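Those protein sequences? They're chains G and Y, same order as listed.
Be aware that the first sequence starts at 1, since it is given in UniProt numbering, and climbs by one per residue.
Be aware that the second sequence starts at 1, since it is given in UniProt numbering, and climbs by one per residue.
Written below as structure tokens is the structure these notes are about.
2 protein chains.
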Amino acid sequence: MTRIAAVQLAPVVGDLAGNVRRALDAVEAAVDGGAEVVVLPELTTSGYVFTTPEEARSLALRPDDEVLDRFAAAAGPATVVVGFAEATDGDRVCNSAALLDASGVRAVYRKVHLWDQEKRFFAPGDARPPVVETEHGRIGVMICFDMEFPEWTRIAALGGADLLAVPTNWPLGPTPDGERPAEVQIAIATARMNRMAIACADRTGTERTVEWTAGTTIVDALGAVAAQVGPGTGTAWADLDLRASRDKKQADLVDLLGDRRPDLYGPLLD
Amino acid sequence: MTRIAAVQLAPVVGDLAGNVRRALDAVEAAVDGGAEVVVLPELTTSGYVFTTPEEARSLALRPDDEVLDRFAAAAGPATVVVGFAEATDGDRVCNSAALLDASGVRAVYRKVHLWDQEKRFFAPGDARPPVVETEHGRIGVMICFDMEFPEWTRIAALGGADLLAVPTNWPLGPTPDGERPAEVQIAIATARMNRMAIACADRTGTERTVEWTAGTTIVDALGAVAAQVGPGTGTAWADLDLRASRDKKQADLVDLLGDRRPDLYGPLLD
């Protein structure tokens, strides 16, 4: 079993030092609780609701910034996925996530599918989601709206991800009575269609009038919700057997990936 | 608004005449109730749980069979989608669905993603889901397990489908307390990710020890459940504005199809 912690925080836009401190506290608590994988929200270090591109840039970090070293130092035996505003060599600012462990940053993913106003503040990534082999399983990384593109989640599944780590900031939208938020429904369906566990770490609170869903959810490889946080800050915990993600055989003659028909998919998807 | 009826039936394997009669009765009642689109289950005419390929073949119809003429005659002003076992010119038997109206059969789709034992009884189709322009909107057609391949539903959305008509036979599987059946979750997520309404017509009852989900569901283009039947036979009714499916703009700077990055999707999906 792999112990997964998805942390729901309330970052404050502009408060880099405070955001980092609160996130590190949460990582340390998760590791103390035995977490082997810790997922933090999108843009944990910077906050989300920028007013100008300059504001986003002022809060951007290079992947070799000492802030990320501090997350590595806090990781202990765990693998940590954390969202941050990234200053790139090419002078762009990206909405990124780092996968890191005690050895340091192992992968940086730059959000490809930017949502709405993010297009004003960030440059889109141009590479596929990484799938990193760790001692806790193969972990794929993408960010928030990326998960709503089924091509993207399929790419992670085909890449062998046992667990998809998804730092998110889900703005609160209308949800019919008795239903889960749409983004959680998508996580459930995506897990089921791909036999891939998914851990979405959302944020909570209100930032410059934007309310957040506080929808942090861990879904197992069969599409069952294993843990949520609910309102406010907190951590969702789940012990998942990630080997289940490697068995795509849904029934005697069903292989969820092997039954694909890529000979028929190509052209319209290009 | 378009009035959609998704009909939940209990076909009896082998009882072609009885299955057709009961299905025609349901179509006539739906049309009397003002339905403009009527969706019937997968393999409505034949039943599903075959024991031999010969049994499936003995119940297969050519698309010009008088049985389908009778559905056209019953359609009135409506468009009808009905699942049937198809005898092809090439001597194959396919798990197919016909889209027809008073003018006759307008399209036949052959299920591409066969589920489990279906592989023993049917040849897979080798063409994409049709999207047919009707006076009630553009209607895409696929069958049951096809909908669990997000590439396939995306192809229908990219093809312009306002409504995806999905004849299904969902075998009853475990569903956690308080959750919708997994297939319904997938319909909800698929509608939301593509801004495309979906009407799934399921079956009910027990056939040769297989129990069915009775999960007939109509989902609107935003991913909200508009109608269900519940246990037993019956018809789900929904009046949907299918023009909503043509507006992919989820927010000021979001276009759910336009924001795709096919330049990054191709190779791994081939």
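Beta carbons: idealized from backbone N, C-alpha and C, even for Gly.
Small disclaimer: the values here were computed from a predicted structure and weren't measured.
At a Cβ threshold of 8 Å, is residue i touching chain Y?
i: Glu66(G); result: no
i: Val229(G); result: no
i: Asp259(G); result: yes
i: Leu43(G); result: no
i: Arg154(G); result: yes
i: His113(G); result: yes
i: Ala189(G); result: yes
i: Pro63(G); result: no
i: Pro176(G); result: yes
Under the three-state reduction of DSSP, which class applies to residue i: helix, strand or coil?
i: Tyr48(G); result: coil
i: Val112(G); result: coil
i: Val210(G); result: strand
i: Gly266(G); result: helix
i: Gln250(G); result: coil
i: Leu172(G); result: coil
i: Pro150(Y); result: helix
i: Leu40(Y); result: coil
i: Ala72(G); result: helix
i: Thr134(Y); result: strand
i: Asp32(G); result: helix
i: Ala203(G); result: Here residue 203(G) is Arg; the residue named in the question, Ala, does not match the sequence. Note: Arg203(G) maps to strand in three-state DSSP.
i: Gly18(Y); result: helix
i: Ala238(G); result: strand
i: Leu164(G); result: strand
i: Ile198(Y); result: strand
Do residue i and residue j have their C-beta atoms within less than 8 Å of each other?
i: Leu256(G); j: Gln250(G); result: yes
i: Arg203(G); j: Ala72(G); result: no
i: Pro181(Y); j: Val210(Y); result: no
i: Ala78(G); j: Val37(G); result: yes
i: Val184(G); j: Gly205(G); result: no
i: Asn194(Y); j: Ile143(Y); result: no
i: Leu61(Y); j: Glu28(Y); result: no
i: Gly137(Y); j: Thr2(Y); result: yes
i: Leu253(G); j: Asp116(Y); result: yes
i: Ala75(Y); j: Asp101(Y); result: yes
i: Thr213(G); j: Gln228(G); result: no
i: Ala236(Y); j: Ala6(Y); result: yes
i: Pro130(Y); j: Leu99(Y); result: yes
So does residue i have its beta carbon nearer than 7 Å to some heavy atom of the ligand GDP?
i: Pro181(Y); result: Within the structure as shown, the ligand GDP is missing, as the structure has no ligands at all.
How would you write the range of the beta strand (DSSP E) that residue i sits in, first residue to last?
i: Thr79(G); result: 79 to 87
i: Ser103(G); result: No beta strand (DSSP E) contains Ser103(G), which DSSP labels as neither H nor E.
i: Ile4(Y); result: 2 to 8
i: Met184(Y); result: It should be pointed out that residue 184(Y) corresponds to Val in this sequence rather than to Met. Note, Val184(Y): premise wrong, no beta strand (DSSP E); alpha helix (DSSP H) at 182 to 194.
i: Val12(Y); result: Neither: Val12(Y) is in no beta strand (DSSP E) and is coded neither H nor E.
i: Val229(G); result: No beta strand (DSSP E) holds Val229(G); DSSP gives it neither H nor E.
i: residue 289(G); result: Examination of residue 289(G) is not possible in this model, given that chain G is present from 1 through 270 alone.
Using the Cβ count rule (16 or more neighbours within 10 Å means buried), how would you classify residue i?
i: Gly232(G); result: exposed
i: Tyr265(G); result: buried
i: Ser46(Y); result: buried
i: Gly140(Y); result: buried
i: Gly83(G); result: buried
i: Pro150(Y); result: buried
i: Glu42(G); result: buried
i: Thr52(Y); result: exposed
i: Ser245(G); result: buried
i: Pro167(Y); result: buried
With 8 Å set as the bound, which would you pick, yes or no: does the beta-carbon of residue i sit closer than that to a beta-carbon of chain G?
i: Leu164(Y); result: no
i: Ala226(Y); result: no
i: Gln117(Y); result: yes
i: Ile186(Y); result: yes
i: Val254(Y); result: yes
i: Gly223(Y); result: yes
i: Leu264(Y); result: yes
i: Met193(Y); result: yes
i: Ala182(Y); result: yes
i: Ala251(Y); result: yes
i: Val141(Y); result: no
i: Val132(Y); result: no
i: Pro53(Y); result: no
i: Asp270(Y); result: Any reading at Asp270(Y) needs caution, since the residue's pLDDT is 40, under 50, leaving its predicted position unreliable; the model's value is listed next. Answer yes: the Cβ-Cβ gap between Asp270(Y) and chain G drops below 8 Å somewhere.
i: Arg128(Y); result: yes
What first and last residue would you give for the alpha helix (DSSP H) that runs through residue i?
i: Arg120(G); result: 118 to 121
i: Pro53(Y); result: 53 to 58
Answer yes or no: does any C-beta atom of chain A fall closer than 8 Å to that of residue i?
i: Phe149(Y); result: Looking for chain A here will not work: the only protein chains present are G and Y.
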